[in-house]
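Peer 1:
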Amino acid sequence: MSKFWVIGLGFVAVLVGFIAYGSLTGASSDVTAPAAKMVAALQEATQDLTSDAERAKIAPHKALYKIEMVEKRSGAQVLNISGEMYFEWKPVCGAWTTDHRFSLLYEYAETPPMRITSDFTTYERFSGDSFDFNSRRRRDGEVYEELRGHAGIKKNTTGSADFNLPAGLRFDLPQGTLFPMAHTVSVVRAAEQGKKFLSATIFDGSDAEGPSEVNAFIGKKVDAMARITPSTAIAPGLINTPAWNVRLAFFPLNSDEADSDYEMDVVMHENGVISDMYVEYKDFSVTQRLVALERVTGETCDNAAAAQPAPADSGKKPQTK
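Reading the sequence shown from the start, the letters are residues 0 to 320 in numbering that gives the first Met the number 0.
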């Protein structure tokens, strides 16, 4: 469950194989597309991020989600997981920034409960070729992991992700690799075009495992308004938009495991909002339920300098609000 604390990247976000399709329809002929054709399509999707029309579809927003464990498999040591996640996504001059904050309580049968908190920020250029990431995790208030670095990839070639923390950690990124925001836009575009399947290699900087292959199975459109509990804390204009059921399966490229690391069902909106999420791990499943959502204002070029993270080699942590 190494990536659990970072769900909400846009799918992250964040995300092959496939265990259960749920209510999704079968995959289209895209599943058997030649590898070269798939890489070309992913590169085209990344280039389109520079389009004003493409970016105008995305709604800068901040959201609060309630996290609950809803199923436990036999042999699982954890009794319960509960907590919340704050997520913010907005544009600055020439880039998207995200801010994720998790607070989770793990309860066990024979050991004391454990509180895990984390902060994760990213800075991804609209062009899709540059990505900065910075995270810190705490266990009962004590820092136990920090990640910081920069990743870059150019058109028609491979790229790399270079970490300053841990020092010297490096991953090669295959041609066509997408960063989280580029992947979100690519899945939304595929859904709008009526496609049922999209496979991509993603790097999100959320852990020390490197890039993952992510398969997205796109289902039918859904009425997201009918699935949420009415609340004055949730902006209806951000929810009452075209949305689809999407099933995602995640496979770290550096793992020899045949099965997915984890899988999730999400309600993905045309504007980039995720209004509902169900995540399946090997030992348990959790829901991530939207409880608050509002639009935010992006930064202009005049005031974006303060919002951009420090360069990965500066030793400074990007500021979060």
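All C-beta atoms in this analysis are idealised placements derived from N, C-alpha and C, irrespective of residue type, glycine included.
Can you list the beta strand (DSSP E) stretches of 3 or more residues lying completely in the segment 116-144, in chain order?
Peer 2: You should have 129-138.
Peer 1: I'd like to check one pair, T116 with S102: are the Cβ atoms closer than 8 Å?
Peer 2: Yes, the Cβ-Cβ distance between S102 and T116 is below 8 Å.
Peer 1: Unbroken alpha helix (DSSP H) runs of length 4 or more, entirely within the segment 177-224: which are they?
Peer 2: Taking only runs of at least 4 residues, the alpha helix (DSSP H) segments lying wholly in the segment 177-224 are 179-191.
Peer 1: Who are the near neighbours of E293 in its chain, counting only those whose CB is closer than 7 Å to its CB and skipping five residues on each side?
Peer 2: Around E293: H60, K61 and A234.
Peer 1: For the candidate residues D255, S230 and V221, whose alpha-carbon lies nearest to that of M267?
Peer 2: That would be V221, whose Cα lies nearest to the Cα of M267.
Peer 1: If you follow the beta strand (DSSP E) that L164 is in, where does it begin and where does it stop?
Peer 2: Residues G158 to L164.
Peer 1: Could you tell me which of T157, A225, A190 and R136 sits nearest to T176, measuring between CA atoms?
Peer 2: Minimum Cα distance to T176 is reached at T157.
Peer 1: Give a yes or no on whether 8 Å exceeds the smallest Cβ distance from L177 to chain D.
Peer 2: Among the chains in the structure shown there is no chain D, since it carries only a single protein chain.
Peer 1: Let me know the secondary structure DSSP gives A52 once reduced to three states.
Peer 2: Three-state result, A52: helix.
Peer 1: Contact check, V278 vs V272 under 8 Å by CB: the rounded distance?
Peer 2: Not really, about 17 Å apart at Cβ, beyond 8 Å.
Peer 1: Is the distance from the Cβ of A215 to the Cβ of V187 below 8 Å?
Peer 2: In this structure, V187 does not lie closer than 8 Å to A215 by Cβ.
Peer 1: When we look at the beta-carbon of A55 and count the other beta-carbons within 10 Å, is it buried (16 or more) or exposed?
Peer 2: The residue in question, A55, is exposed, as its Cβ has fewer than 16 Cβ neighbours within 10 Å.
Peer 1: Whose C-beta lies closer than 7 Å to the C-beta of R124 among residues of the same chain, with five residues either side of it excluded?
Peer 2: Excluding sequence neighbours, R124 sits near G93 and A94.
Peer 1: Can you give the Cα-Cα distance for A108 and A58, rounded to whole angstroms?
Peer 2: Between A108 and A58, the C-alpha separation is close to 42 Å.
Peer 1: Taking L237 as part of the alpha helix (DSSP H), name the residues at either end of that continuous run.
Peer 2: P235 to I238 is the extent of the alpha helix (DSSP H) around L237.
Peer 1: Using 8 Å as the threshold, is the C-beta distance between I152 and D118 below it?
Peer 2: For I152 and D118, no; Cβs fall outside 8 Å.
Peer 1: Please report the residue range of the beta strand (DSSP E) in which P251 lies.
Peer 2: Where P251 is concerned, the enclosing beta strand (DSSP E) stretches over A242 to P251.
Peer 1: Could you name the residues that DSSP lists as bridge partners for A232?
Peer 2: Paired residues: none, contrary to the question.
Peer 1: For D282 and S73, what's the separation of their Cα atoms in angstroms?
Peer 2: Distance between the alpha carbons of D282 and S73: 7 Å.
Peer 1: So, F162 versus L172, is the Cβ gap smaller than 8 Å?
Peer 2: In this structure, L172 does not lie closer than 8 Å to F162 by Cβ.
Peer 1: Who are the Cβ neighbours of T299 in its own chain at under 7 Å, not counting the five residues just before and after it?
Peer 2: C92.
Peer 1: Taking the continuous beta strand (DSSP E) assigned at S284, which residues delimit it?
Peer 2: Unbroken beta strand (DSSP E) run through S284: F283 to R294.
Peer 1: For a quick check, are the C-beta atoms of P251 and G209 less than 8 Å apart?
Peer 2: Yes.
Peer 1: Could you tell me how far apart the beta carbons of D260 and F249 are, in whole angstroms, since I believe they sit closer than 8 Å?
Peer 2: Going by Cβ atoms, the distance from D260 to F249 rounds to 5 Å, so yes, they are a contact pair.
Peer 1: Tell me whether R147 sits in a helix, a strand or coil according to DSSP, three-state version.
Peer 2: The answer is strand: DSSP assigns R147 an E or B state.
Peer 1: In the structure shown, what three-state DSSP assignment does C300 receive?
Peer 2: Reduced to three states, the DSSP call for C300 is coil.
Peer 1: Helix, strand or coil for E279, going by three-state DSSP, please let me know.
Peer 2: Reduced to three states, the DSSP call for E279 is strand.
Peer 1: Helix, strand or coil for R226? Go by DSSP, reduced to three states.
Peer 2: Here R226 sits in helix by DSSP.
Peer 1: Using the Cα positions of F52 and L78, report the straight-line distance between them to the nearest angstrom.
Peer 2: The sequence given here places Ala at residue 52; Phe does not occur at that position. Straight-line Cα distance between these residues: approximately 47 Å.
Peer 1: How would you write the range of the beta strand (DSSP E) that K71 sits in, first residue to last?
Peer 2: Taken as a continuous stretch (DSSP letters only), the beta strand (DSSP E) holding K71 covers H60 to K71.
Peer 1: In chain order, what residues of the same chain lie with their CB nearer than 7 Å to the CB of T31, ignoring the 5 residues before and after it?
Peer 2: Because T31 sits at a pLDDT of 33, beneath the cut-off of 50, its placement in the model cannot be relied upon, and the point is left open.
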